[in-house]
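The sequence shown lines up with residues 512 to 1162 when you count with this note's numbering.
Each residue gets a CB set at the ideal place from its N, CA and C atoms; glycine is no exception.
Being a predicted model, the structure only gives us computed values, none of them experimental.
Here is the structure we will look at, set down as C-alpha cells.
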Amino acid sequence: MAAALFALVALLLRRHTAPTLGLAALALLAAGFACADWRSNRVSAPVLTAPIGPVDVSGRVVWVGAGDGPQRYLLDRVVIEGLAEGETPAKVRLSVRRAGPGDMASPGSWLSALASLRPPPTPAEPGAWDFARQAWFQRIGAVGFVYGAPSPMAAPKGESGGLLPLLSGVRHWVSARILAQASPSAGPFAAALLTGDRSAIENTALKAMRDSGLAHLLAISGLHVGLIAGFIFFATRGLLALIEPVALRAPIKKWAAACALLGAVAYLLLSGMSVPTQRAFVMVGVVLIAIMLDRASLSMRLIAWAALLVLAIAPESMLGPSFQMSFAAATALIATYEAARGLFARMAARGGLVLRPVVYAAGVTLTSLVAGIATGPFAVYHFNRIADYGLLANLGAVPITGFWIMPWGLVALILMPFGLEGIALAPMGWGIDAVVWIARQVAAQPGAVTLVPAMPAAALLAMVVGGLWLCLWRSRWRFLGIAVIGSGILLAGLERRPDILVDGDAKVMATRGEDGQFWISTRQRGRFVSDTWLRRDGQAEAPTWPRDGRGAFAAGLRCDTLGCIQRRGDQTIAFVRDPRAFEEDCSRADVVVSAVPAWDLCEGPETVVDRFDLWRGGGHAIWLEPEGARVESVAERRGERPWVGRRAPDR
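Next comes the structure, spelled out in C-alpha cells:
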C-alpha cells in the first residue's frame, strides 16, 4: 500500500525532478520490504523447536549428496513419528554413514529411517552465518542423522512423481554417468560443472581451489551459464551463416540468441536450479532477450533490471555472497569496459594480427583484476580470507575453463543420450586436470592465503556505496567513491573482536590470551563452532586450554577438575565446569562463565553467563572493558525474525 501511494504521488509530481526521484526511491524501498515480507510468509513451514529422537522418519528423496563424509539426503513429504501434520517440517536433511554406491537412494525414491532430529543450528557467535535463515527459505525445518542405514519404501498411494523429483533424478543420472565415464581425478569436477553436484570432490582438492582463488569455478554462476549460452550462440550463428540463403534473408543473430536461451534453460534445469544459478540465468537471459529485441546487450540498465528481477523472485538472495559477488563483478566490469572500450578497439585495429594476442591477454588480465577487486570485500566479509595469488591462478585457469572445459562439457551432454559421452569427457578431463594442477601449485606457495578478521556490516556497506558511486557516475566526481571505499576499509580495521566466546550448547569455550590469540577449551567437541570462531578471528589454529592442574602463561589460564581461572590485567574470569567451583570462584571473579546452571549460587560477580543464559540466548560473546564486561548473545543479534523460533525444552 505504501509503495503504491509513493508511486502515485511521484507520478503526479513527475514534472518536478527532485521530489519525483525521492518518492520513487521511497516507493521502491517500500516495495522491497513488502516483497521480503511476502516471500518470508510464502515459504513459511513448521520448524522443530527442540531435539527429538530416535524417531521413525519417512519421506521422498529430493536431493542426494555424497562426499568424503556421510551421505546426505533431503526429504520432502515428511512423516515423523509422534508429530502431527501441522508440526511436521516440510523438508528434513539427514546424514547417513557412507555406504556403497549401490546403496544410495536416488531422487524421487522413498525411504524410511530411525533418526535423531534437531532444529537447524543457530549462528556460532553473534553476527556469524545463520544456517537457520537459509534453511527457512529452503523450507528445511529439521536436520539430523540416521541410526544404521535407511530402508527403501514404496510411495504412498496417490503420490505422483512431480516435476522436481524427475529433474533431480535426471541430474543424479547424469552425475552418475559422468563419474563412471570420466577419469577418477576429473569426474567429480566435471559433475560439479555440468550438474552442480560438488559432493564427490575430495576435500584436499576443494581446499586447493579455495586457497588459490579458483573456488568460484566450481559454483555454477554467470560465468558458466554465460559460457554455455555463448558457445551455443556462436556455434548456431556460425552454422547458419554457412547456409547462404538463410544468412542473407533471416535474422540469424536473433535465431542464435533464441537457441542460446533454450540451452541456458536446459542448463538451469540440469544444474538443480539453485538460487545462484537462477540469478545467473536471469542475467544471461536478459542479455539474450536484449539481442532478440535489438537492444544493447550489456549495459548498467540491463544489470539493474536483472538484479531487480532476481530480488523480486528471491529477495533473501541479497544477503548471500553469490548475489553480492556476481553483481559486484558484473557492475565493475561493465563500468571498466565502457571506459576502456575505445582504447582496446584502437589497439586491436592498429596492431593487426601481431597485437591481437597482446590485446586479448590484456583483456583477460584486466577482467581478472577488476573482478577480483570488486568481489574482494565480499570475500573478506563472508569467508575471512584473501587468496593472494588469485589473479595469477585465474589468468591460467579461466581461459582453460572457457575455451576448453565448458565446450567439451556441452558436447558430452549432447552425446550422453547416445552413450558416447566418454568421447568428450576425456578431453574435458585434460583441461580439468590442468586447472586442478594450477590450483594445487598456487595454493602450495608460501603466503597463498591471508586470513582476515571479521568486519562489521557497516564497513561492507560503505565499500558498496563507494563502489556503486564509482561505477555508476560518468563525470569526474565519480572518484569521490574512492574516499567512501577508504572509509569502509578504515571501519573494518577498527572492529574489535570479542575476548570470550561461549557455544550455545556449552560444549566449547574460547578466551583471548595475553598473546592476542584465542585459546579453545577443547577441539574434540564443537569443532564446527570453534573453526568458525577462529576463521572470523583471522586465526588458522588455536592452542587448547591446559590440562587439569596445569597452567598456560601465554593465556593467563590455570585449570583443575572443576574449571579454569584466567587473569587478564586487573580482571579475573572464572570458567566453571562443576557447581562445586561456585563457592570459591564467585567470591573472587569479576566474570563467571558456567557450563552448568548457576541458580542463586553465584551472586558476587558483576557478570554471570550460565547454562540457562546459553539455553535461552544461544552463543554469547563477551568484551572485557575497563568499566566492566559487555555481553551480547546470538538471540539479541538475530532479533525477532520468522526463522528465529522460541526454543522449547529438550524432549
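Across the set 1001, 945, 952, 987, the C-alpha of 1001 shows the shortest separation from the C-alpha of residue 972.
The C-beta distance from residue 731 to residue 771 rounds to 16 angstroms, too long to fall under 8 angstroms, and the pair is not in contact. With 16 or more neighbouring CB atoms inside 10 Å of its own CB, residue 946 falls in the buried class. CA-to-CA, the gap between residue 667 and residue 571 works out to about 10 angstroms. Annotation: the continuous beta strand (DSSP E) that includes residue 629 extends over 621-629.
By alpha-carbon distance to residue 1148, the top candidate from 655, 1129, 1134, 1122 is 1129. Around the CB of residue 750, fewer than 16 other CB atoms lie within 10 Å, so the residue is classed as exposed. For the pair of segments examined, the region 538-549 was found not to touch the region 629-642: the number of CB pairs separated by less than 8 angstroms stays below three.
In this structure residue 817 is in contact with residue 794, their Cβ atoms being roughly 4 angstroms apart against a cut-off of 8 angstroms. Beta-bridge partners assigned by DSSP to residue 960: 898. CA-CA distance, residue 621 to residue 531, rounds to 56 angstroms. Positions of the alpha helix (DSSP H) runs, each at least 4 residues long and wholly inside the region 798-836, are given as 811-824 in order along the chain. Residue pairing by DSSP puts residue 1136 in a beta bridge opposite 1139. When 1019, 1024, 1083, 645 are compared, the shortest CA-CA separation from residue 825 is found for 645. Residue range 763-781 is occupied by the alpha helix (DSSP H) that includes residue 764, with no beta strand (DSSP E) assigned at that position. Scanning 1136, 1101, 1134 for the CA closest to the CA of residue 1119 turns up 1101. If you draw a straight line from the Cα of residue 877 to the Cα of residue 791, it is about 22 angstroms long.
Only residues of its own chain outside the window of five on either side were considered, and among them 565, 624, 625, 626, 627 have a CB closer than 8 angstroms to the CB of residue 658, listed in chain order.
Taking C-alpha positions only, residue 886 is separated from residue 897 by approximately 11 angstroms. Per the DSSP secondary-structure output, residue 583 pairs in a beta bridge with 576, 606.
Remark: C-beta atoms of residue 1134 and residue 1141 approach each other more closely than 7 angstroms. Beyond the five residues adjoining it in sequence on each side, residue 904 comes within less than 7 angstroms, by CB distance, of 723, 724, 725, 949, 950, 953 in the same chain, given in chain order.
Taking a contact as a CB-CB distance under 8 angstroms, the pair residue 729 and residue 709 counts as one, their CB atoms being some 6 angstroms apart.
Per DSSP, the continuous alpha helix (DSSP H) segment holding residue 750 begins and ends at 733-752. In the structure shown, residue 909 adopts helical secondary structure according to DSSP, grouped into three states. In this structure, residue 1024 lies away from residue 965, with their beta-carbon atoms at least 7 angstroms apart. For residue 1022, the closest alpha carbon among the candidates 1078, 842, 1003 is that of 1078. Residue 540 carries a helical assignment under DSSP once its states are collapsed to helix, strand and coil. Where residue 1071 is concerned, the enclosing beta strand (DSSP E) starts and stops at 1068-1071.
For residue 1075, the enclosing beta strand (DSSP E) begins and ends at 1074-1079. Three or more Cβ pairs closer than 8 angstroms define a contact, and the region 700-708 falls short of that threshold against the region 796-812. Short of 6 angstroms from the beta carbon of residue 663, and not among the five residues preceding or following it, lie these beta carbons of its own chain, in chain order: 622.
Sequence-distant Cβ neighbours of residue 716 in its own chain, meaning closer than 7 angstroms and more than five residues away, are 947.
The beta-carbon distance between residue 1033 and residue 1055, rounded to whole angstroms, is 6 angstroms. This is short enough to meet the 8 angstroms contact definition. Across the set 1052, 880, 829, the C-alpha of 880 shows the shortest separation from the C-alpha of residue 906. Put simply, the backbone Cα of residue 576 is about 5 angstroms away from that of residue 583.
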